[in-house]
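Asks:
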Amino acid sequence: MAPAFSLIPELESVVRHGSDERRLDALRRITALFLHGSSRFNDDHIRLFDAVFVMLINEIESKAREELSRQLAPVARSPIAVVRRLARDEDIMVAGPVLAQSPRLVTADLVEIAGSMSPEHLYAISSRTAIEEPVTDILVRRGDFIVRRKLAGNSGAKISENGFTTLIRSAEHDSVLAETVALRSDVPDHMFRELLSRATEVVQRRLLANARPETQARIQTILTRISGEVLTGKPTRDFSEAEARMRALAETGQLGEVDLADFARKQSYDDTVAALSQLTGVPTGVVDRLMCGERPDPILILCKAAGHAWPTAREILLARLGNRGKGAPSLDAASANFDRLSAATARRVVRFWQVSPVGLKNAV
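Remember, the numbering used here sits 1 above the position in the sequence shown when you count from 1.
(1) Going by DSSP in three states, ILE132 sits in which element: helix, strand or coil?
(2) TRP354 to HIS174, Cα distance in whole Å?
(3) I need the straight-line Cα distance from LEU277 to ILE169, nearest angstrom please.
(4) Helix, strand or coil, according to DSSP, for ALA200 in the structure here?
(5) Tell me the rounded alpha-carbon separation between LYS64 and VAL95.
(6) Assuming the contact rule is C-beta atoms closer than 8 Å, ARG149 and SER119 should be a hit. Round their C-beta distance to whole Å, please.
(7) Could you work out which residue in HIS37, ILE47, GLU62, GLY116 is closest to VAL84 when comparing CA atoms only?
(8) Which residue's Cα is closest to the Cα of ASP45: ARG78, VAL136, PRO135?
(9) Look at the alpha carbon of SER156 and the alpha carbon of TYR270, and state the distance between them as a whole number of angstroms.
(10) Let me check understanding here. Comparing Cα to Cα, which of LYS305, ALA337, GLN72, PHE165 lies closest to HIS37?
(11) Have a look at ARG41 and ILE93 and give me their C-alpha separation to the nearest angstrom.
(12) Is there contact here, the segment 108-122 with the segment 131-143, by at least three beta-carbon pairs under 8 Å?
(13) Taking its Cβ as the centre, do 16 or more other Cβ atoms sit within 10 Å of GLY286, making it buried, or is it exposed?
(14) In the DSSP assignment, the alpha helix (DSSP H) including THR166 goes from what residue to what residue?
(15) Taking GLY308 as the reference, give the member of PHE146, ILE81, SER343, ALA52 with the closest Cα.
(16) Assuming LEU256 contacts LEU280 under a Cβ cut-off of 8 Å, what Cβ separation, rounded to an integer in Å, is found between them?
(17) If we require 4 or more residues per run, which alpha helix (DSSP H) segments fall completely within the segment 270-333?
(18) Let me know if GLY86 comes out buried or exposed under the rule of 16 or more other beta-carbons within 10 Å of its beta-carbon.
(19) Could you tell me the distance, in whole angstroms, from the CA atom of GLU242 to the CA atom of GLU316?
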């Protein structure tokens, strides 16, 4: 370590009075020294390099920080403080390499960064070879469609049931995401079934064409069952727990329009469906199918028949659309249709759904 210590006395002078060229030269010399001996250094040595790097990176331009990030990213024993500092850099060219590769960043670091940084930072994190559920939950919630696609295609990313729920909602309007999620081996059976039930026929055909033989058989079996359930009006998933919660709330007078809108706003799909069923008298399985349809009209009809206002219908539509842009033209058109729809007409249609689940196929 003598060469390292020989560099220390000049650092304060370089930082305080040196030119950009001198600072960059010092950084490169110390980086080369660290990389050459990192496997042999003990913890005290690593901490010394950490202090030196932190001192220098505050005084150098982003290009030099970018170079340092690329060099330190794959090193198993990189100085932790400088890695964390680089990972939080607003310049993605600096932060990206360590976010995507550095083994020194732990789950707590990644949760904090994913919760506050840009989509580009989230994309870099989604490229890591291993990602824990607390991190993927945030990536799925905050990420755009590019981040979600990248995450869904990363076999080293552990995705929670809530994460899969959000991905499947988004996949309804993103065929690339639908295919990517469906080809994962860890999708829970009931969620895999929901994904297929929401997929378009084109996506279903592509999945059958591209999946492994064992997955093809699984897909075909599920599609056959789904086809039968559409004709009978049976639900595609188990809503029994949500139904029990909504009945209990209704019996105590605690279930109303505000609660329904809140469930939708939180993207709690099971509770939204069960609450809408309880408030309209339409069977849960029918409401589920109406929610999965391509057109927004059935949701407008249910809300109008129940006497709910447009903001409530809007929250449900946003949840159904995966919370896409709130100024989307489709929402403007839905608002106009909601205003034109009479409550009497809506109630007549809802009465049909209440007693005739078989008619659902033509309703959506």
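All residues carry an ideal CB built from backbone N, CA and C; glycine is no exception.
Replies: Well, looking at it:
(1) strand
(2) 26 Å
(3) 21 Å
(4) coil
(5) 8 Å
(6) Rounded, the Cβ-Cβ distance is 15 Å, inconsistent with contact.
(7) ILE47
(8) ARG78
(9) 26 Å
(10) GLN72
(11) 31 Å
(12) yes
(13) buried
(14) 162-172
(15) SER343
(16) 7 Å
(17) 270-281, 285-293, 298-306, 311-321
(18) According to the sequence as given, residue 86 is Arg; it is not Gly. Buried, since its Cβ has 16 or more Cβ neighbours within 10 Å.
(19) 22 Å
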